[in-house]
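Reading through the structure tokens given below for one structure.
In the working numbering, the protein residues as written are 139 to 356.
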């Protein structure tokens, strides 16, 4: 909708159709949680992504240095996992902090996501849809998001995810998920139903096929 409005402001009135990003749900079924996490006491908060992308770098540093300490005041055993390739020196330096793990490149991020107590996406900048949100939803993991991380999706706060934009708010959301496994499971199930299923590739393909079919003269 925002992109469409921007085009209209530029005087471009060509008919347009939005085909959203999607996720192949079949590729996530049966994912085994990473033993690297499950062998340790939790809770585990996982942030996946490419770690030389500026919004991800900012988010990882902010969560590790500001949010996690607030969580650990109540839950000293809580850990923060930064999972993704190409970590910058500033991101790598986070590994020296208590209870912070920076994995660097991994063969497959899905087991780390599957093992998460919650997937956190603490973005403070950036635009567009974030595929890491869909990946977590595809594995029915609870999501703790900033409003920027939720942009582009029809996320209902406290149904599909817990939303917060301050360090204290994110810390409280993480503690809420960790302390309430029944609610956490419900959040994950709702994210799967309301975010991942409607954007399964099979459904996205249908929209794309309809666009192509409508553009071919009869």
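From the three backbone atoms N, C-alpha and C, an ideal C-beta is built for every residue, glycine too. Treat the numbers as computed from the prediction; the structure is a model and nothing was measured.
field: Local conformation of residue 316 per DSSP, three classes
entry: Helix at residue 316.
message: In the DSSP output, which residue or residues are listed as bridge partners for residue 256?
response: Its beta-bridge partners are 183.
- prompt: Do residue 291 and residue 325 have their C-beta atoms closer together than 8 Å?
  reply: Cβ distance not < 8 Å, so residue 291 and residue 325 don't count as in contact.
task: Give me the Cβ distance between residue 282 and residue 308, rounded to the nearest whole Å; I'm assuming they're in contact under 8 Å.
output: Indeed they touch by this definition, with Cβ atoms about 6 Å apart.
task: Check residue 218 in the structure and name its three-state DSSP category.
output: The answer is strand: DSSP assigns residue 218 an E or B state.
- request: Assign residue 315 to one of two classes, buried (16 or more other C-beta atoms within 10 Å of its C-beta) or exposed (fewer than that).
  value: The residue in question, residue 315, is buried, as its Cβ has 16 or more Cβ neighbours within 10 Å.
message: Check whether the segment 257 to 276 and the segment 224 to 244 touch, using three or more Cβ-Cβ pairs below 8 Å as the test.
response: Under the three-pair Cβ rule at 8 Å, the segment 257 to 276 does not count as touching the segment 224 to 244.
- prompt: Leaving out five residues before and five after residue 188 in sequence, what residues of the same chain have Cβ atoms less than 7 Å from its Cβ?
  reply: So the list reads 194, 222, 223 and 224, once near-sequence residues are dropped.
- prompt: Do you know offhand how far residue 169's Cα is from residue 330's?
  reply: Answer to the nearest angstrom: the Cα atoms are 15 Å apart.
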